[in-house]
Amino acid sequence: MPLRLELIAEQKILEAIQTGVFDNLSGEGKPIQWKENVFAPDEWRMAFDIFQQNGYLLPWMEKRREIEETYEQLISQCKLALARGDINARAEFFKQVDALNRKIIDYNLIVPLAQFQRPTYDARNIYNKLKELQNN
């Protein structure tokens, strides 16, 4: 029975999309801003809300943001080094990715749920792709 209900709901949603019911909604094209942290225990929700309202992140969230920013910087630096023909580009990139991977391992130890863990980066694979892109 639940499967039939899901199919009916899906059909109704598709019909609404086709007839334009969802066109020109105020939030169209914008990401959903979830107000509630569903992973937070009830006794911590108010604290998390205060953090969020004041632009703060939990330490593990801040560390993830730093990892993502560092990765983007590494990619940019490697592209520039390859474009300049820097002979040390590969060794430096591998060294920096190794340091970033250690940060990822530390991060994975502090996240509250396994689903928030990040895989480490394969420096050789990434470097080869960047080099291939640079050669094309």
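Read left to right, the sequence shown gives residues 18 to 153 (our numbering). Yeah, the Cβ is synthetic: ideal placement off N, Cα and C, and Gly gets one too.
In this structure, V128 sits near W77, with a CB-CB distance shorter than 8 Å. Cα atoms of K112 and A106: separation of roughly 10 Å, rounded to the nearest angstrom. Comparing alpha carbon positions, the residue from Y73, A140, Y88, F110 closest to C95 is F110. About 13 Å separates the beta carbons of I84 and L126, which is beyond the 8 Å limit, so they are not a contact pair. With 16 or more other Cβ atoms inside 10 Å of its own Cβ, V114 counts as buried. Contact between L99 and L147 holds: their C-beta atoms lie close to 6 Å from each other, under 8 Å.
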